[in-house]
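Peer 1: Reminder that position 252 of the sequence shown reads as 257 in my numbering, one-by-one numbering, no gaps. Starting off with a structure, shown below.
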Amino acid sequence: MSEGKLSLKKKVLFGLSAIPDQLTYQGFSLYVFTFFFAVVGLNMIYMWIGYVVWGIWNMINDPMLGALSDRKRCKGKWGKRRYFMIISIIPLALMMIFIFTVPRGDEAIEFIYFLAVIFIFEFFYTLFDVNVNAVFPEMFPTEEQRAETNIFVKGFTVLGIIFASLPMILLKPLVPGPSPTPTELTQIQGNYITAGILLAIITVVAAIPFLLKGIHKETETDECFDKRPSFFKSLKFTLKNKTFIKFTIANLMIWTVFNTLITIIPLYFVFVLGATDTSSFIITLSLVLALVIAAFILPVHKFFIKKFGTRNAAMITLASWIALLFPFVLIDNLLIVGVIVMGLNGFALSGALMYVDILHGDVIDEDALKFGVRRSASYYGINALIHRFSTILTISIIAIVFQGTGWSEYNPVVGVDTIVGLKLIIFLFPAICLAVAVLFLKLYPLHGDNLKQMREEFNKHPEIK
């Protein structure tokens with residue numbers, strides 16, 4: 006894409022990519038843990054094993070799909086990034102339904118089904134996500150274009166997460182009460198399946214205009230293609246990039262916070278804030294409030310980028326997030342206060358979403374200067390692998406806390422230890438992760454004069470694609 010002024014249409018159409026991307030992943034994070042732990046009744050140890058094995062699978066799946074995208078020749082009207090997105094979107098949408106169609110009665114079968122659906126979901130999600138992310142720095146080569154477009158991407162990200170949370174209103178009750186009958190459990194599962202159908206429909210509807218009109222015509226010369234390293238060389242070069250590693254560790258910590266909050270919020274609101282009778286509506290309200298605030302705050306973060314630079318603005322935002330999470334430790338049975346606190350966290354959520362893609366784009370540009378060709382998908386594949394470990398970190402801390410508080414199996418009657426455990430999960434663990442993220446962003450070198458010099462050099466090579 007040229008470095009001229011971007012049209013509003015182009016920014017909106019590309020921004021739509023965030024709805025299927027974030028709706029599916031955040032919907033997965035929001036519902037899967039609560040469904041399999043509280044509704045299906047899987048033991049916490051089984052769930053931990055499942056997530057760890059899933060993480061090992063991602064060690065192969067994510068970088069493999071990233072390298073596959075980079076190594077595919079650009080042919081025909083569908084290019085290569087668009088090609089992978091098209092073949093993945095329908096299976097990805099269907100997985101939002103199949104996640105909840107687990108056959109009931111035998112714990113071994115339930116566990117095997119749990120493993121199968123998270124593996125298949127991850128394959129198609131990564132195939133879509135890594136190509137969406139890869140095409141972003143290719144379509145928008147300058148920091149100004151990325152910042153302008155990212156406003157729309159993150160605005161639609163917020164909308165995607167809102168869409169992911171809205172079907173929760175159908176989940177009444179969200180979790181079973183004491184001594185539920187088989188009929189009641191079947192009804193609850195049916196509600197989750199209905200929610201999954203709605204998520205699948207929204208995913209496809211939002212993806213169609215993006216896939217048809219939101220991606221530029223991809224071109225790549227044979228010379229550029231031949232410059233691309235093989236899979237193992239690409240993996241080696243990527244992991245030796247110290248700038249990338251520092252960024253990715255920070256990104257891992259940020260995504261660990263996202264995953265922890267989205268996973269534990271339903272149980273926190275039910276058992277700490279006492280939202281038992283109205284849990285679905287209250288949880289949806291709190292998430293929507295946070296996301297609406299996040300959307301309105303996006304221009305503020307764009308100003309922060311101009312004022313402080315992307316790296317410094319990210320550090321300020323992450324440090325403020327620790328303070329915004331702390332009130333969750335202090336409140337018990339105060340639903341309205343909980344909703345307000347959740348809403349205020351929209352400020353930090355907005356910034357964290359805003360800065361990551363811009364920082365990652367800079368890393369890819371610096372690498373392109375060295376190799377003479379963009380390896381966007383390889384970087385996003387490795388980054389996806391590393392930040393998928395956020396799920397393992399999240400589930401591990403939840404498993405440790407639940408085991409230590411006597412909640413290894415779901416029980417609707419909880420004691421003080423479980424309440425304290427939920428508070429630790431929602432504040433202490435995320436606070437530690439955010440502190441680590443700030444530290445690694447402090448070590449991240451692409452800012453100030455270093456970033457300016459890199460961009461000046463990059464602009465001298467318009468042939469890089």
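Idealized CB from N, CA, C, for every residue including glycine.
#1: Specify the secondary structure class of residue 7 as computed by DSSP and reduced to three states.
#2: Confirm, please, whether the CB-CB distance from residue 451 to residue 459 is below 8 Å.
#3: Does DSSP put residue 441 in a helix, a strand or coil?
#4: Indicate whether residue 351 and residue 298 have their beta-carbon atoms separated by less than 8 Å.
#5: For residue 336, does the three-state DSSP call read helix, strand or coil?
#6: Whole angstroms is fine: what's the gap from residue 182's alpha carbon to residue 151's?
#7: What number of angstroms, rounded off, separates the C-alpha of residue 456 from the C-alpha of residue 323?
#8: Quick check on the DSSP output: the alpha helix (DSSP H) that includes residue 418 runs from which residue to which?
#9: Between the region 361 to 371 and the region 117 to 128, can you find at least three pairs of beta-carbon atoms closer than 8 Å?
#10: Have a look at residue 296 and residue 395 and give me their C-alpha separation to the nearest angstrom.
#11: What residues in its chain sit with their C-beta under 7 Å from that of residue 34, if we drop five residues either side in the sequence?
#12: Is the Cβ-Cβ distance between residue 427 and residue 277 less than 8 Å?
#13: Taking the Cβ atom as the reference point for each residue, do residue 160 and residue 292 lie within a distance shorter than 8 Å?
#14: Out of curiosity, what's the CA-to-CA distance linking residue 130 and residue 25?
#15: Note down, in chain order, each residue of its chain lying with its Cβ closer than 8 Å to the Cβ of residue 306, except the 5 sequence neighbours on either side.
#16: Where does residue 264 fall in DSSP's three states?
#17: Excluding the five sequence neighbours on either side, which residues of its own chain have a C-beta within less than 6 Å of the C-beta of residue 20, listed in chain order?
#18: Whole alpha helix (DSSP H) runs in the region 295 to 379 with 4 or more residues, listed along the chain?
#19: Hey, how far is the Cα of residue 49 from the Cα of residue 107?
#20: What residue from 188, 220 and 23 has the CA that sits closest to residue 110's CA?
#21: From residue 226 to residue 387, what does the alpha carbon distance come to, in whole angstroms?
#22: Give a yes or no on whether the C-beta atoms belonging to residue 259 and residue 274 are separated by under 8 Å.
#23: Among the residues of its own chain, which have a CB less than 6 Å from the CB of residue 14, if the five just before and after it don't count?
#24: Given this structure, state the Cα-to-Cα distance separating residue 454 from residue 464, to the nearest angstrom.
#25: Is it buried or exposed for residue 370, if we count other Cβ within 10 angstroms and need 16 for buried?
Peer 2: To lay it out plainly:
#1: Here residue 7 refers to the residue found at position 2 when the sequence shown is read from its first residue. With a pLDDT of 46 at residue 7, under the threshold of 50, the predicted position of this residue should be treated as unreliable, and no value is reported.
#2: Within the sequence shown, residue 459 is the residue found at index 454, counting from 1. Within the sequence shown, residue 451 is the residue found at index 446, counting from 1. Yes, they are a contact pair.
#3: If you number the sequence shown from 1, residue 441 lands on position 436. Helix at residue 441.
#4: Counting from one through the sequence shown, the residue named residue 351 turns up at place 346. Counting from one through the sequence shown, the residue named residue 298 turns up at place 293. Against a cut-off of 8 Å, the Cβ pair of residue 298 and residue 351 comes out as a contact.
#5: One-based indexing of the sequence shown puts residue 336 at position 331. Judged by DSSP in its simplified three-state form, residue 336 adopts coil rather than helix or strand.
#6: On the sequence shown, position 177 is the one that residue 182 refers to. On the sequence shown, position 146 is the one that residue 151 refers to. Cα to Cα, residue 182 sits roughly 48 Å from residue 151.
#7: Looking up residue 456 in the sequence shown gives position 451. Looking up residue 323 in the sequence shown gives position 318. Rounded to whole angstroms, residue 456 to residue 323 spans 21 Å at the Cα level.
#8: Against the sequence shown, residue 418 aligns to sequence position 413. Here residue 418 belongs to no alpha helix (DSSP H), and DSSP marks it neither H nor E.
#9: no
#10: For the purposes of this step, residue 296 is identified with residue 291 of the sequence shown, where counting begins at 1. For the purposes of this step, residue 395 is identified with residue 390 of the sequence shown, where counting begins at 1. When rounded, the separation of the alpha-carbon atoms in residue 296 and residue 395 is 21 Å.
#11: In the sequence shown, the residue the question calls residue 34 occupies position 29. The answer, listed in chain order, is 264, 267 and 268.
#12: Residue 427 sits at position 422 when you count from the first residue of the sequence shown. Residue 277 sits at position 272 when you count from the first residue of the sequence shown. Yes, these two residues count as a Cβ contact at 8 Å.
#13: Here residue 160 corresponds to residue number 155 of the sequence shown, with the count starting at 1. Here residue 292 corresponds to residue number 287 of the sequence shown, with the count starting at 1. No, the Cβ-Cβ distance between residue 160 and residue 292 is not below 8 Å.
#14: Taking the sequence shown and counting its residues from 1, one reaches residue 130 at position 125. Taking the sequence shown and counting its residues from 1, one reaches residue 25 at position 20. Straight-line Cα distance between these residues: approximately 10 Å.
#15: What you label residue 306 is simply residue 301 of the sequence shown in a count that begins at 1. Taken in chain order, the residues that qualify are 318, 322, 355, 356, 359 and 360.
#16: Within the sequence shown, residue 264 is the residue found at index 259, counting from 1. DSSP places residue 264 in helix when its eight states are reduced to three.
#17: Within the sequence shown, residue 20 is the residue found at index 15, counting from 1. Answer for residue 20: 157, 158 and 161, listed in chain order.
#18: With a minimum length of 4 residues, the continuous alpha helix (DSSP H) runs that stay inside the region 295 to 379 are 315 to 330, 340 to 349 and 351 to 376.
#19: Taking the sequence shown and counting its residues from 1, one reaches residue 49 at position 44. Taking the sequence shown and counting its residues from 1, one reaches residue 107 at position 102. Spanning the two alpha carbons is a distance of roughly 17 Å.
#20: Position 105 of the sequence shown, counted from the start, is the residue given in the question as residue 110. Put simply, of 188, 220 and 23 the residue whose alpha carbon is nearest the alpha carbon of residue 110 is 188.
#21: Translated into positions along the sequence shown, residue 226 becomes position 221. Translated into positions along the sequence shown, residue 387 becomes position 382. Reliability fails at residue 226, whose pLDDT of 49 lies under 50, so the model's placement of it is uncertain and no value is given.
#22: The residue given as residue 259 occupies position 254 in the sequence shown. The residue given as residue 274 occupies position 269 in the sequence shown. No, the pair does not count as a contact, with Cβ atoms beyond the cut-off.
#23: On the sequence shown, position 9 is the one that residue 14 refers to. So the list is empty, once near-sequence residues are dropped.
#24: For the purposes of this step, residue 454 is taken as residue 449 along the sequence shown, with counting starting at 1. For the purposes of this step, residue 464 is taken as residue 459 along the sequence shown, with counting starting at 1. Across the structure, residue 454 and residue 464 are spaced so that their CA atoms are roughly 15 Å apart.
#25: Here residue 370 corresponds to residue number 365 of the sequence shown, with the count starting at 1. By the 10 Å Cβ count, residue 370 comes out buried.
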